[in-house]
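Data first, discussion second: the structure below is written as structure tokens.
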Amino acid sequence: MNSNLFSLNGKVALVTGAAYGIGFAIAEALAEAGAKIAFNCRKPEHLQSALDEYSKLGIEARGYLCDVTKEDEVKAMVADIESTLGSVDILVNNAGIIRRIPMHEMSVDEFREVVDIDLNAPFIVAKAVIPAMMKKRSGKIINICSMMSELGRETVSAYAAAKGGLKMLTRNIASEYGEYNIQCNGIGPGYIATPQTAPLRERQPDGSRHPFDSFIVAKTPAARWGNPDDLKGPVVFLASQASDFVNGHILYVDGGILAYIGKQP
8 MNSNLFSLNG
18 KVALVTGAAY
28 GIGFAIAEAL
38 AEAGAKIAFN
48 CRKPEHLQSA
58 LDEYSKLGIE
68 ARGYLCDVTK
78 EDEVKAMVAD
88 IESTLGSVDI
98 LVNNAGIIRR
108 IPMHEMSVDE
118 FREVVDIDLN
128 APFIVAKAVI
138 PAMMKKRSGK
148 IINICSMMSE
158 LGRETVSAYA
168 AAKGGLKMLT
178 RNIASEYGEY
188 NIQCNGIGPG
198 YIATPQTAPL
208 RERQPDGSRH
218 PFDSFIVAKT
228 PAARWGNPDD
238 LKGPVVFLAS
248 QASDFVNGHI
258 LYVDGGILAY
268 IGKQP
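To convert, count from 1 in the sequence shown and add 7; that's the working numbering.
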């Protein structure tokens with residue numbers, strides 16, 4: 008097999024929300040495959056911390072303070088990337104939030120905030136990079152979806168609505184721009200062990216698992232949480248020449264949860 012199928016040498020990748028967590032691991036993977044990295048976040052302290060971490064890994068990442076829900080800010084960021092690194096070859100729409108609030112207690116503003124960041128922002132950023140991809144007749148767009156693109160769950164009405172919409176936006180971008188050799192696919196992570204989910208995995212005072220930890224492990228055929236590195240191979244595949252005829256697909260990296268009904272009590 009031609010190993011160059013997975014090479015990203017010379018490619019410019021923009022990963023939104025890649026100051027830490029899943030986004031950081033994705034950007035690291037793309038850099039390891041040869042891509043030049045640009046990323047954004049909204050807080051100066053997160054930006055500098057991320058730049059320091061990228062530098063420690065030998066990655067020359069270009070960071071931007073940019074709110075991806077603001078079209079003017081996104082246009083300015085993309086214009087600067089084009090003038091310094093080159094036009095964006097790979098876009099990963101990773102930035103997102105979740106608000107765990109029962110639907111009947113959630114305010115309309117809280118619902119709109121989640122949809123704005125998790126669904127409207129990917130539209131805004133994709134819209135900004137697609138014209139250059141059309142001109143080059145080449146491009147990769149990867150939207151970070153969720154198992155909630157397929158499933159519902161208590162307290163995540165806004166998140167599930169947004170991620171379900173992102174799945175369909177992914178398919179529509181594939182449908183609308185496939186003729187320009189632009190592939191748009193999604194990755195749906197399962198439950199990933201990050202600092203943000205660490206409280207859900209802490210041992211209880213009696214040494215037993217946290218109830219949510221037990222629930223996830225029992226529901227996952229792999230019998231473990233995922234880790235950010237589990238997403239590296241899938242994202243490089245979808246960003247590379249190896250996936251040139253894969254379009255409109257959501258790749259669930261979930262340890263098998265979506266395929267599994269769970270253990271019999």
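By construction, the Cβ of each residue, glycine as well, lies at the ideal position given by its N, Cα and C atoms.
Keep in mind the model is a prediction, meaning the values are calculated, not measured.
Residue burial classification, residue 62 (beta-carbon count within 10 angstroms, cutoff 16): Around the CB of residue 62, fewer than 16 other CB atoms lie within 10 Å, so the residue is classed as exposed.
Reduced DSSP category for residue 33 - H, G, I as helix; E, B as strand; rest coil: Here residue 33 sits in helix by DSSP.
For a quick check, are the C-beta atoms of residue 158 and residue 98 less than 7 Å apart? no
Sheet register partners of residue 170 (DSSP bridge): Its beta-bridge partners do not exist; DSSP assigns none.
With a cut-off of 8 Å, do at least 3 Cβ pairs link the region 240 to 259 to the region 200 to 213? no
Limits of the beta strand (DSSP E) - the one that residue 240 falls within: Residue 240 -> not in any beta strand (DSSP E); alpha helix (DSSP H) instead, spanning 239 to 246.
Extract the residue ranges of the beta strand (DSSP E) inside the region 174 to 216, only unbroken runs of 3 or more that lie entirely within it. 189 to 196
Do the CB positions of residue 226 and residue 264 come within less than 7 Å of each other? yes
Name the DSSP bridge partner or partners of residue 104? According to DSSP, residue 104 bridges with nothing at all.
For a minimum of 4 consecutive residues, which ranges assigned as the alpha helix (DSSP H) are wholly contained in the region 10 to 71? 28 to 39, 51 to 63
Please determine, among 93, 266, 194, 24, the residue with the shortest C-alpha to C-alpha distance to residue 136. 93
Going along the chain, which residues of its own chain have a beta-carbon closer than 7 Å to the beta-carbon of residue 95, five neighbours each way excluded? 19, 21, 85, 88, 136, 139
If you follow the beta strand (DSSP E) that residue 253 is in, where does it begin and where does it stop? Judged by DSSP secondary structure, residue 253 falls outside any beta strand (DSSP E); it is assigned neither H nor E.
Answer yes or no: do residue 11 and residue 41 have a C-beta to C-beta separation smaller than 7 Å? Their beta carbons are not under 7 Å apart, which means residue 11 does not touch residue 41 by this criterion.
Starting from residue 99, follow its DSSP beta bridges and name the residues at the other end. 22, 149
Can you name, in chain order, every residue of its own chain whose Cβ lies under 7 Å from the Cβ of residue 178, other than the five neighbours on each side? 255
So, residue 173 versus residue 126, is the Cβ gap smaller than 7 Å? yes
What distance in whole Å lies between the Cβ atoms of residue 242 and residue 149, which are believed to be in contact at a cut-off of 8 Å? The pair is a contact, with the Cβ atoms about 6 Å apart (cut-off 8 Å).
I'd like to know whether the C-beta atoms of residue 221 and residue 13 end up nearer to each other than 7 Å. no
Thinking C-beta only, is residue 260 closer than 7 Å to residue 236? no
Within 10 angstroms of its Cβ, does residue 90 collect 16 or more other Cβ (buried), or is it exposed? exposed
For the alpha helix (DSSP H) containing residue 163, list its first residue and its last residue. No alpha helix (DSSP H) contains residue 163, which DSSP labels as neither H nor E.
Candidates 74, 60, 110: which alpha carbon is nearest residue 165's? 110
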